[in-house]
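**Student:** I am attaching a structure below and will ask some questions about it afterwards.
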Amino acid sequence: MLPIADLIKTNCISFLKINNISDEDIEKIKFVVDINKDIDKGDMYSNFALVTSKVFNQKPIVIAINLVEYLNQQLDKNIFKKIEAVDAYVNFYLVNNFEVSKNTIIYHKDFTGKKIAYEYTDPNPMKEFHIGHLMANTIGEAVSRLGSIAGANIKRYSYQGDAGRHLAVTMWGLRFMETPWPDADSISITDKVKFLGLAYVTGNKKLAEAKEKGEESDEYKKVISEIEIMNKKIYDRSDEEVNLLYDLGREWSLQKFEELYEILGTKFDHYFFESITAPLGLEIVKENLTKSDTIFSHGDNDAIIFKGEDYGLHTRVFINAKGIPTYEAKEIGLAKMKYDLWNFDESVVITANEQNEVFKVTNKVITMLMPDIGSKMKHLSHGMMKLVGEKMSSRTGKIIAGDELVEDMMSASYEKMKDRDLTEEEKKSISCDVAVAGIKFSILKQNFRKDIVFDKEKSLSLEGDSGPYIQYAIVRINSIVKKTEGLDIVSGKDFSIEGENLNRTLWRYDHICYKAVDEFAPQYVAQYLIDLASRFNSFYSKNKIIEDEKVNKKLLDLCLKTRDILTQGLTVLGIRVVEKM
RNA sequence: GCUCUUGUAGUUCAAUGGAUAGAACUGCGGACUUCUAAGCCGUUAAUGUUGGUUCGAUUCCAACCGAGAGCACCA
Numbered sequence: 017m018l019p020i021a022d023l024i025k026t027n028c029i030s031f032l033k034i035n036n037i038s039d040e041d042i043e044k045i046k047f048v049v050d051i052n053k054d055i056d057k058g059d060m061y062s063n064f065a066l067v068t069s070k071v072f073n074q075k076p077i078v079i080a081i082n083l084v085e086y087l088n089q090q091l092d093k094n095i096f097k098k099i100e101a102v103d104a105y106v107n108f109y110l111v112n113n114f115e116v117s118k119n120t121i122i123y124h125k126d127f128t129g130k131k132i133a134y135e136y137t138d139p140n141p142m143k144e145f146h147i148g149h150l151m152a153n154t155i156g157e158a159v160s161r162l163g164s165i166a167g168a169n170i171k172r173y174s175y176q177g178d179a180g181r182h183l184a185v186t187m188w189g190l191r192f193m194e195t196p197w198p199d200a201d202s203i204s205i206t207d208k209v210k211f212l213g214l215a216y217v218t219g220n221k222k223l224a225e226a227k228e229k230g231e232e233s234d235e236y237k238k239v240i241s242e243i244e245i246m247n248k249k250i251y252d253r254s255d256e257e258v259n260l261l262y263d264l265g266r267e268w269s270l271q272k273f274e275e276l277y278e279i280l281g282t283k284f285d286h287y288f289f290e291s292i293t294a295p296l297g298l299e300i301v302k303e304n305l306t307k308s309d310t311i312f313s314h315g316d317n318d319a320i321i322f323k324g325e326d327y328g329l330h331t332r333v334f335i336n337a338k339g340i341p342t343y344e345a346k347e348i349g350l351a352k353m354k355y356d357l358w359n360f361d362e363s364v365v366i367t368a369n370e371q372n373e374v375f376k377v378t379n380k381v382i383t384m385l386m387p388d389i390g391s392k393m394k395h396l397s398h399g400m401m402k403l404v405g406e407k408m409s410s411r412t413g414k415i416i417a418g419d420e421l422v423e424d425m426m427s428a429s430y431e432k433m434k435d436r437d438l439t440e441e442e443k444k445s446i447s448c449d450v451a452v453a454g455i456k457f458s459i460l461k462q463n464f465r466k467d468i469v470f471d472k473e474k475s476l477s478l479e480g481d482s483g484p485y486i487q488y489a490i491v492r493i494n495s496i497v498k499k500t501e502g503l504d505i506v507s508g509k510d511f512s513i514e515g516e517n518l519n520r521t522l523w524r525y526d527h528i529c530y531k532a533v534d535e536f537a538p539q540y541v542a543q544y545l546i547d548l549a550s551r552f553n554s555f556y557s558k559n560k561i562i563e564d565e566k567v568n569k570k571l572l573d574l575c576l577k578t579r580d581i582l583t584q585g586l587t588v589l590g591i592r593v594v595e596k597m
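Numbering (the numbering used here), first residue to last: 17 to 597.
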């Protein structure tokens with residue numbers, strides 16, 4: 017709770033006490049002190065009177081009027097300009113001489129001083145980095161930055177699946193490719209990675225075709241067997257030719273990911289790989305198996321399973337019939353490795369919600385095997401990225417590649433800037449940052465727990481509630497500031513209504529950030545920034561900061577404060593600010 | 001079939017146990033000899049259905065209808 021809301025709450029509770037309300041009743045009362053959505057009704061409001069109507073046995077409006085009288089005596093007039101009772105609500109108007117701090121830190125008890133590890137993005141080498149990964153990366157970056165402004169000591173990790181059956185499918189799929197293995201120097205990394213993605217899709221297609229003939233058909237059995245053999249070859253590195261192609265393909269993919277992280281503005285502290293977590297996970301599971309009170313058991317085909325049903329969860333395979341550890345066993349290894357690397361106080365893993373059930377199982381198992389690690393694991397899941405109603409699937413190739421989307425957005429942005437007086441280099445760099453802002457903001461402006469329907473055409477328009485809209489407000493301020501250089505500064509007249517509202521909106525930033533931190537909800541910050549930028553644009557259209565070659569100091573200060581908050585806000589969301597556009 | 005998530009303007013999203021359910025896009029209509037029009041101003045339009053709890057439900061609960069995800073050797 018932030019100072020002002022806290023101050024109001026404390027005084028409301030004093031009001032209850034002097035009215036002889038019992039401590040038990042006070043305990044039960046849950047009233048709200050929050051920002052007023054409608055700025056015309058004040059800066060903050062409380063529903064105190066509505067909630068306490070019963071214990072006072074009075075009409076809410078009577079309580080509200082009494083409370084206002086009391087608060088007017090108690091609260092500092094230098095902070096509270098006006099307190100009034102309207103329709104049983106109590107509204108607070110603040111003096112609003114708010115000073116912008118350069119780097120807002122919101123101290124939050126769940127974060128301050130804690131070591132928090134964030135794992136997100138998790139693309140798999142030899143498969144395309146698609147907009148689902150973009151979504152996870154965007155959310156993870158914003159959530160980790162929220163942790164950082166809340167006072168936590170944070171690390172960023174990505175876990176990349178360089179072992180497992182998906183790779184076997186890619187490697188097996190190679191034999192059906194019509195184009196040759198693209199290891200010529202003339203071929204770009206992008207095209208090389210695209211080739212691998214296509215091999216994966218081709219492999220899956222062949223697998224699906226075989227499956228259509230029936231799971232008992234000879235063809236399906238043959239295909240499954242071939243893929244399993246390939247999986248084993250990759251796992252134990254027993255085939256030189258496979259090793260060669262695999263190592264090269266893995267390298268290309270990682271290189272491509274690195275390029276994307278640079279564009280997106282993520283810097284990971286460490287990468288974990290399945291090829292390393294797999295043997296460790298296998299070892300931990302096998303060791304537990306030797307114990308008399310082992311939590312694992314033998315399933316069909318001698319697979320090693322965890323019977324989740326005993327705990328209201330799914331039963332899942334940890335080691336498959338061929339003795340290869342699955343995703344589940346690898347998660348155990350990963351948890352141990354993470355903890356050994358950096359003794360975190362909390363480990364947050366961000367994935368799509370299709371993995372919710374698996375994480376319930378693996379977190380349960382980790383807690384049983386390593387209680388002090390398991391109790392610190394938190395799974396944060398986001399909705400799926402859908403393409404206008406359809407599920408995206410990298411298996412079938414029904415995806416939008418991350419880099420292609422960024423490129424398309426860049427062209428759209430570049431097109432808008434083509435007549436500006438900027439160098440070619442500037443245009444390129446700006447259009448890239450604007451493109452990323454557009455993509456990231458469209459993800460962050462909504463509740464990430466729900467699915468996001470992605471409409472590429474609409475996203476390319478770069479208009480309305482968007483990242484570029486906010487960047488544009490900053491650019492306009494930069495432009496004004498530049499024009500003020502060398503001009504006389506005069507103390508101007510009072511704010512117009514637009515200026516007043518803009519000024520009153522600035523103060524809300526800290527409060528919004530606190531809520532965003534508290535609820536892992538970057539969308540609060542995103543929505544706020546739209547509100548702030550929109551108020552700035554209204555202000556801008558009705559007020560002249562520079563008039564007759566003279567700069568109105570009051571208005572210029574307001575612009576500078578607005579720019580600071582917009583910049584801080586975008587930074588928290590992991591979106592870059594541009595100087596010009 | 002079982003489990004979980006979800007249903008708000010034509011579309012994509014907000015919000016909330018309580019003040020007139022907010023935006024954006026689209027449509028229609030404006031302003032501008034103006035510091036960047038990726039902008040500003042106005043306008044039409046929505047809580048799936050039926051019950052329940054409550055002083056008050058779009059929000060909580062139940063059922064139904066619709067959508068999505070998961071449910072043993074993929075991740």
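All C-beta atoms, glycine included, are put in the ideal place defined by N, C-alpha and C.
The model shown is predicted, which means the values in this text are computed figures rather than measured ones.
Within a Cβ cutoff of 6 Å, which residues of the same chain sit near T578, ignoring the five residues on either side of it in sequence?
**Tutor:** So the qualifying residues of the chain are F552.
**Student:** Return the CA-CA distance between G219 and E256, expressed in angstroms with no decimal places.
**Tutor:** Cα to Cα, the separation comes out at about 21 Å.
**Student:** When burial is assigned at 16 or more other CB atoms within 10 Å of the CB, is P198 buried or exposed?
**Tutor:** Its Cβ being crowded by 16 or more others within 10 Å, P198 is buried.
**Student:** Hey, L110 and K97 are a contact pair by Cβ (cut 8 Å); roughly how many whole angstroms apart?
**Tutor:** Between K97 and L110 the Cβ distance is about 6 Å, and since that is below 8 Å, they are a contact.
**Student:** Here's the rule I'm using: 16 or more other beta-carbon atoms within 10 Å means buried, otherwise exposed. How should A489 be labelled?
**Tutor:** Label assigned to A489: buried.
**Student:** Name the residue from E563, I591, T521 whose alpha carbon lies nearest to the alpha carbon of R161.
**Tutor:** Per the Cα distances, I591.
**Student:** Measure how close the beta-carbons of F603 and S62 come, nearest whole angstrom, since I'm counting them as under 8 Å.
**Tutor:** There is no way to answer for residue 603, as the model of the chain reaches only from 17 to 597.
**Student:** Could you compute how far the alpha carbon of I300 sits from the alpha carbon of P387?
**Tutor:** The alpha-carbon atoms of I300 and P387 are separated by roughly 14 Å.
**Student:** Under 6 Å Cβ to Cβ from I77, same chain only, skipping five residues before and after it: list those, please.
**Tutor:** If we look at I77 and ignore the five residues flanking it on each side, its Cβ neighbours are A104.
**Student:** Give the single residue among E516, Y262, E85, Y236 whose Cα lies nearest to the Cα of N247.
**Tutor:** Minimum Cα distance to N247 is reached at Y262.
**Student:** What does the alpha-carbon distance come out to for the pair P341 and A184?
**Tutor:** One C-alpha to the other measures close to 14 Å.
**Student:** Among A294, V209, S410, which residue has its Cα nearest to the Cα of E274?
**Tutor:** The residue with the shortest Cα to Cα distance from E274 is V209.
**Student:** Terminal residues of the continuous alpha helix (DSSP H) containing K577?
**Tutor:** From DSSP, the alpha helix (DSSP H) with K577 extends over 569-589.
**Student:** Quick one: what does DSSP say H124 is sitting in, helix, strand or coil?
**Tutor:** Three-state DSSP puts H124 in coil, outside helix and strand.
**Student:** Beta carbon of L518: closer than 8 Å to some heavy atom of the ligand ZN?
**Tutor:** This structure does not include the ligand ZN; it has no bound ligands of any sort.
**Student:** How many angstroms separate the CA atom of V588 from the CA atom of G483?
**Tutor:** So the two alpha carbons sit approximately 13 Å from each other.
**Student:** Work out the CA separation of T137 and N153 for me, nearest whole Å.
**Tutor:** The straight-line gap from Cα to Cα measures roughly 5 Å.
**Student:** May I have the straight-line CA-CA distance separating C529 from Y540, to the nearest angstrom?
**Tutor:** Spanning the two alpha carbons is a distance of roughly 8 Å.
**Student:** Pop quiz: L296 and G349 are said to be a contact at Cβ under 8 Å. What is the actual Cβ separation, rounded to whole angstroms?
**Tutor:** Confirmed, Cβ separation roughly 3 Å.
**Student:** Below 8 Å, how does it come out for the segment 450-459 and the segment 416-431: are there three or more Cβ pairs, yes or no?
**Tutor:** Yes: the two stretches touch, three or more of their Cβ pairs being nearer than 8 Å.
**Student:** DSSP three-state call for Y615: helix, strand or coil?
**Tutor:** Look at the range of the chain in this structure, 17 to 597, and you will see that residue 615 is not part of it.
**Student:** Kindly indicate which residue of A133, K131, K57, D435 has the alpha-carbon position closest to the one of E99.
**Tutor:** The question names Glu, but residue 99 is Ile in the sequence shown. Ranking A133, K131, K57, D435 by Cα distance to I99 puts K57 first.
**Student:** Can you give, in chain order, each stretch of the alpha helix (DSSP H) that sits fully within the segment 431-467 and has at least 4 residues?
**Tutor:** Listed in chain order, they are 440-460.
**Student:** Looking only at DSSP bridge pairs, what is I99 linked to?
**Tutor:** The partner list for I99 (beta bridge, DSSP) reads F108.
**Student:** Specify, as a first and last residue, the run of the alpha helix (DSSP H) that A417 falls within.
**Tutor:** Note, A417: premise wrong, no alpha helix (DSSP H); not H, not E.
**Student:** When you compare only the Cα positions, how much space is there between L264 and Y355?
**Tutor:** Near 30 Å, if we compare the C-alpha coordinates of Y355 and L264.
**Student:** Can you tell me where the alpha helix (DSSP H) with K87 in it begins and where it stops?
**Tutor:** Checking the sequence, you will find Leu at residue 87 rather than Lys. L87 -> alpha helix (DSSP H) spans 76-90.
**Student:** Going by the DSSP bridge assignment, what does D50 pair with across the sheet?
**Tutor:** DSSP lists Y61 as partners of D50.
**Student:** Does the structure place the segment 515-526 close enough to the segment 116-131 that three or more beta carbon pairs sit under 8 Å?
**Tutor:** Short answer: they touch.
**Student:** Could you pull out every residue in the same chain whose Cβ sits closer than 8 Å to the Cβ of K283, ignoring the five residues on either side in sequence?
**Tutor:** Closer than 8 Å at Cβ, skipping near neighbours: R172, Y277.
**Student:** Which term fits K222, buried or exposed, when burial requires 16 or more other beta carbons within 10 angstroms of its beta carbon?
**Tutor:** Its Cβ being crowded by 16 or more others within 10 Å, K222 is buried.
**Student:** Since L548 contacts T583 with CB under 8 Å, what's their CB separation in whole angstroms?
**Tutor:** With 8 Å as the limit, L548 and T583 do not qualify as a contact, their Cβ atoms being about 11 Å apart.
**Student:** So, M142 versus L212, is the Cβ gap smaller than 9 Å?
**Tutor:** Yes; because the gap between Cβ atoms is below 9 Å, this pair is in contact.
**Student:** Curious, which full-length alpha helix (DSSP H) runs of at least 4 residues does the segment 245-313 contain?
**Tutor:** Here the runs fully enclosed are 256-280, 290-305.
**Student:** What did DSSP end up calling I45 once you bin it into helix, strand or coil?
**Tutor:** I45 falls in the coil class under three-state DSSP.
**Student:** Write down every uninterrupted run of the beta strand (DSSP E) in the segment 155-199 whose length is 3 residues or greater and which is fully enclosed by it, in chain order.
**Tutor:** Listed in chain order, the complete beta strand (DSSP E) runs (minimum 3 residues) inside the segment 155-199 are 169-176.
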